[in-house]
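Asks: Have a look at this one before I ask anything.
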Amino acid sequence: SLEIAKSEKALNDMNKELKATSGRDMSKLKDGLKKVGDVALEVSKKLMQVTAAVSGALAGVVAAGVKSYADLEQNLGGIETLFGESADKVVENAKNAYKTAGVSANEYMEGVTSFSASLLQSLGGDTAKAADVADMAFRDMADNANKFGTDMSSIQSAYQGFAKQNYTMLDNLKLGYGGTKTEMERLLADAEKISGVKYDIKNLNDVYEAIHVIQEDLGVTGTTAEEASETISGSAASMKAAFDNFLNGSGGPEELADAMTNMLRNVGKAIAKLAPSILSGIVTLIQQLLPQVVQLLTSL
Numbered sequence: 003s004l005e006i007a008k009s010e011k012a013l014n015d016m017n018k019e020l021k022a023t024s025g026r027d028m029s030k031l032k033d034g035l036k037k038v039g040d041v042a043l044e045v046s047k048k049l050m051q052v053t054a055a056v057s058g059a060l061a062g063v064v065a066a067g068v069k070s071y072a073d074l075e076q077n078l079g080g081i082e083t084l085f086g087e088s089a090d091k092v093v094e095n096a097k098n099a100y101k102t103a104g105v106s107a108n109e110y111m112e113g114v115t116s117f118s119a120s121l122l123q124s125l126g127g128d129t130a131k132a133a134d135v136a137d138m139a140f141r142d143m144a145d146n147a148n149k150f151g152t153d154m155s156s157i158q159s160a161y162q163g164f165a166k167q168n169y170t171m172l173d174n175l176k177l178g179y180g181g182t183k184t185e186m187e188r189l190l191a192d193a194e195k196i197s198g199v200k201y202d203i204k205n206l207n208d209v210y211e212a213i214h215v216i217q218e219d220l221g222v223t224g225t226t227a228e229e230a231s232e233t234i235s236g237s238a239a240s241m242k243a244a245f246d247n248f249l250n251g252s253g254g255p256e257e258l259a260d261a262m263t264n265m266l267r268n269v270g271k272a273i274a275k276l277a278p279s280i281l282s283g284i285v286t287l288i289q290q291l292l293p294q295v296v297q298l299l300t301s302l
């Protein structure tokens, strides 16, 4: 026991000496190290959570990119089969569709493929002409959907129906014509009065050209490109489409950056336009409420 007492005294003396020389009490070091360890553990947990979140987000982006690329491969195969030597022309139109039609390259090619076989037949197999008419028709669909607020899928269904000489969904276009063959004939006749061109209802190219004439006369043509350039919702749709193109490689970072910049510009313009009226409205609201609140408080 004497030896133990001597040892304890020696340890205490060493602790006092260290405290005197370094100003640090060894007896508190254990608690300090424990606190540091706890903080380090919390930091480590937070970093693990952030890493997991980032990894999950990246995994989601990669998965979306793989799916988009798979869809692109399939769509390109269909376009090449249908359009042959004019396929590059369709693909180029598809890449620009985020601006002209507010859709991704994949959506554009899927839509064009759905009616191009009949269109090519109506044009005697002229793939170059079919590429131009298909682009016109798809832009017309997008413009119609934007102008009248109709779901794009219902517009596409109508155009696909026309390819099968089915006119029951003509009224989906909201151009003032019912869903019958007679009404489509009336549309062709009205288009002829405007353009001076005779349209044959049995020829799909004629049908699409006539619809284009009517929409141009009504001021529908070009609304999608205008909205993509000047409105928040239009530029948001354009940016979404450009992002899908970026993921699958059909569009580059420049196009995505351009679409994002355009959207931010439109948001900025909206804020600059709305801010003064909002602030003025808040001031007016306070001015009108304050006397009533004072009167209420006085009454209470």
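Position 224 of the sequence shown, counted from 1, bears residue number 226 in the working numbering, the numbering being contiguous throughout.
Just so you know, even glycine gets a beta-carbon here, dropped at the ideal spot from N, CA and C.
Can you name the start and end residues of the alpha helix (DSSP H) that D208 belongs to?
Replies: D208 -> alpha helix (DSSP H) spans L206 to D219.
Asks: Which of the three DSSP states, helix, strand or coil, is assigned to K131?
Replies: It is helical.
Asks: Rounded to the nearest angstrom, how far is the Cβ of A193 from that of A212, given a contact under 8 Å?
Replies: Confirmed, Cβ separation roughly 4 Å.
Asks: Quick one: measure Cβ to Cβ for F85 and A133, integer angstroms, because I've assumed they're closer than 8 Å.
Replies: Yes, they are in contact, since the Cβ atoms of F85 and A133 sit about 6 Å apart, within 8 Å.
Asks: CA-CA distance, M111 and M171?
Replies: M111 and M171: Cα-Cα distance of roughly 22 Å.
Asks: Measure the C-alpha to C-alpha separation of I216 and L122 and round it to an integer number of angstroms.
Replies: Between I216 and L122, the C-alpha separation is close to 22 Å.
Asks: What is the rounded straight-line gap between the Cα of G224 and the Cα of T286?
Replies: So the two alpha carbons sit approximately 41 Å from each other.
Asks: Between the C-alpha atoms of G178 and S282, what's the straight-line distance to the nearest angstrom?
Replies: If I take the Cα positions, the gap works out to 43 Å.
Asks: Buried or exposed: L301, going by 16 or more other Cβ atoms within 10 Å of its Cβ?
Replies: Sequence check: residue 301 is Ser here, not Leu. With fewer than 16 Cβ atoms within 10 Å of its Cβ, S301 is classed as exposed.
Asks: What is the DSSP secondary structure of G151, counted as helix, strand or coil?
Replies: Residue state, collapsed to three classes: coil.
Asks: Using only the alpha-carbon positions, how far apart do K91 and F140 sit?
Replies: One C-alpha to the other measures close to 14 Å.
Asks: Using a Cβ-Cβ cut-off of 6 Å (strictly less than) and excluding sequence neighbours within five positions of M154, which residues of its own chain qualify?
Replies: The residues are A147.
Asks: Please classify V222: does DSSP put it in a helix, a strand, or coil?
Replies: Note: V222 maps to coil in three-state DSSP.
Asks: Terminal residues of the continuous alpha helix (DSSP H) containing T102?
Replies: Taken as a continuous stretch (DSSP letters only), the alpha helix (DSSP H) holding T102 covers A99 to T102.
Asks: What did DSSP end up calling S106 once you bin it into helix, strand or coil?
Replies: Three-state result, S106: coil.
Asks: Leaving out the 5 sequence neighbours to the left and right, which residues in its chain are closer than 8 Å to Y169 when beta-carbon positions are compared?
Replies: Cβ neighbours of Y169 beyond the five flanking positions: G163, G181, T182, K183, E185 and M186.
Asks: Given a cut-off of 8 Å on the beta-carbon distance, is the pair G80 and T115 in contact?
Replies: Yes, the pair counts as a contact, with Cβ atoms nearer than the cut-off.
Asks: Nearest-angstrom Cα distance between D145 and G104?
Replies: Roughly 9 Å between the two C-alpha positions.
Asks: How far does the alpha helix (DSSP H) with V309 in it extend, from its first residue to its last?
Replies: No answer is possible for residue 309: it lies beyond the span of the chain, which begins at 3 and ends at 302.
Asks: Counting C-beta neighbours from all protein chains within 10 Å, is the total for A272 16 or more, i.e. buried, or is it exposed?
Replies: Exposed, because fewer than 16 other Cβ atoms sit within 10 Å of the Cβ of A272.
Asks: Which same chain residues end up closer than 7 Å to I203 when comparing Cβ atoms and leaving out the 5 residues on each side of it in sequence?
Replies: So the list reads M186, E187, L190 and V209, once near-sequence residues are dropped.
Asks: Using a threshold of 8 Å, state whether the C-beta atoms of N264 and I234 are closer than that.
Replies: Not in contact: N264 and I234 (Cβ atoms no closer than 8 Å).
Asks: Taking DSSP as the reference, what is the three-state secondary structure of F76?
Replies: Sequence inspection shows Gln at residue 76; the Phe mentioned does not correspond to that position. Three-state DSSP puts Q76 in a helix.
Asks: In whole angstroms, what separates the C-alpha of Q305 from that of S240?
Replies: This structure cannot speak to residue 305, because the chain is shown only from 3 to 302.
Asks: Expressed to the nearest angstrom, what Euclidean distance is found between the alpha-carbon atoms of A259 and Y201?
Replies: Those two C-alpha atoms are separated by around 43 Å.
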